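Colleague: Once you've had a glance at the structure underneath, I'll fire off some questions.
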């Protein structure tokens with residue numbers, strides 16, 4: 001599928017909130033539990049270092065990423081990102097386009113490392129994509145993610161050294 005990834009604009013907020021909330025409500029990937037309304041979405045996305053939006057050829061915003069520092073001070077060169085694609089558009093290469101764009105954006109902002117703190121071990125598509133793109137898994141944190149049913153799943157932190 002042809003999708004153009006670009007930095008988001010205010011017209012994208014409504015769609016980005018819908019995409020973000022779909023992942024939150026599934027309860028299987030992001031640590032957040034509260035959904036976003038338009039006001040909180042403006043604040044949340046506006047607080048990021050950068051956000052990308054994936055727009056299909058028909059003009060639908062089908063995916064997004066957020067990018068921000070993973071820490072401060074002496075670790076401020078490490079960034080963190082999250083990705084979300086509308087369920088009906090998954091498996092069409094949009095996630096890969098988002099990650100690739102995010103890598104370039106992170107490097108442009110001067111970050112040296114892109115780190116994912118909590119890739120849920122059951123998120124096979126993400127794990128396959130990160131491996132394909134050269135991310136290094138850091139091991140497994142047993143029971144690091146609480147699933148919607150109250151059970152716990154393992155998480156696998158990853159990192160990628162950027163060419164910044």
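In my numbering, the protein residues as written are 1 to 164.
Every residue, glycine too, gets a C-beta built ideally from N, C-alpha and C.
In this text the structure is predicted, and so the values were computed from the model without any measurement.
In whole angstroms, what is the alpha-carbon distance linking residue 22 and residue 50?
Modeller: Residue mapping note: residue 22 aligns to position 22 of the chain shown, counting from 1. Residue mapping note: residue 50 aligns to position 50 of the chain shown, counting from 1. Going from the Cα of residue 22 to the Cα of residue 50 covers about 21 Å.
Colleague: Return helix, strand or coil for residue 10, following the three-state DSSP convention.
Modeller: The residue labelled residue 10 in the question sits at position 10 within the chain shown. Residue 10: helix per DSSP, three-state reduction.
Colleague: Go through its chain and collect everything with a Cβ distance to residue 80's Cβ below 8 Å, but skip five positions before and after it.
Modeller: Position 80 of the chain shown, counting from 1, holds the residue named residue 80. Same-chain partners within the cutoff: 67, 68, 69, 70, 114, 115, 116 and 117.
Colleague: Under the three-state reduction of DSSP, which class applies to residue 67: helix, strand or coil?
Modeller: As a working mapping, residue 67 is identified with position 67 in the chain shown. Strand.
Colleague: Between the segment 73-87 and the segment 131-140, do three or more beta carbon pairs fall short of 8 Å?
Modeller: Verdict: no, contact absent.
Colleague: Looking only at its chain, what residues have a beta carbon closer than 6 Å to the beta carbon of residue 19, apart from the 5 residues adjacent to it on each side?
Modeller: Here residue 19 is taken as the residue at index 19 of the chain shown, counted from 1. Only 64, 84 and 86 meet the Cβ criterion.
Colleague: Ignoring anything shorter than 4 residues, give me the alpha helix (DSSP H) runs that lie fully in the segment 91-145, in order along the chain.
Modeller: Listed in chain order, the complete alpha helix (DSSP H) runs (minimum 4 residues) inside the segment 91-145 are 94-108 and 124-132.
Colleague: Beta carbon of residue 98, beta carbon of residue 52: below 8 Å?
Modeller: Indexing the chain shown from 1 puts residue 98 at position 98. Indexing the chain shown from 1 puts residue 52 at position 52. Closer than 8 Å, so yes.
Colleague: Quick check: the Cα distance between residue 153 and residue 160, rounded to an integer number of angstroms?
Modeller: Along the chain shown, read from residue 1 onward, the residue named residue 153 stands at position 153. Along the chain shown, read from residue 1 onward, the residue named residue 160 stands at position 160. Whole-angstrom Cα-Cα distance: 23 Å.
Colleague: Could you check which residue in 144, 75 and 46 has the C-alpha nearest to that of residue 112?
Modeller: Position 112 of the chain shown, counting from 1, holds the residue named residue 112. If we check each option's Cα against that of residue 112, 75 comes out closest.
Colleague: Between the C-alpha atoms of residue 91 and residue 156, what's the straight-line distance to the nearest angstrom?
Modeller: As a first step, residue 91 must be located in the chain shown, where it is residue number 91. As a first step, residue 156 must be located in the chain shown, where it is residue number 156. Each residue's alpha carbon lies about 21 Å from the other.
Colleague: Have a look at 28, 128, 41 and 149 and flag the residue whose alpha-carbon is nearest the alpha-carbon of residue 15.
Modeller: Residue numbering aside, residue 15 sits at position 15 when the chain shown is read from its first letter. Nearest option by C-alpha distance: 41.
Colleague: Once DSSP output is grouped into helix, strand and coil, what is the label at residue 149?
Modeller: To locate residue 149, count along the chain shown from 1; it is residue 149. Of the three classes helix, strand and coil, the one that applies to residue 149 here is coil, per DSSP.
Colleague: In the DSSP output, what is residue 163 paired with across the bridge?
Modeller: As a first step, residue 163 is located in the chain shown; it is residue number 163 there, counting from the start. Answer by DSSP bridge pairing: none, since residue 163 is not bridged.
Colleague: Can you give me the C-alpha to C-alpha distance between residue 26 and residue 131, rounded to a whole angstrom?
Modeller: As a position in the chain shown, residue 26 is number 26, starting the count at 1. As a position in the chain shown, residue 131 is number 131, starting the count at 1. Between residue 26 and residue 131, the C-alpha separation is close to 24 Å.
Colleague: Closest to residue 106 by CA distance: which of 9, 145 and 163 is it?
Modeller: Within the chain shown, the letter at position 106 stands for residue 106. The candidate whose alpha carbon is nearest that of residue 106 is 163.
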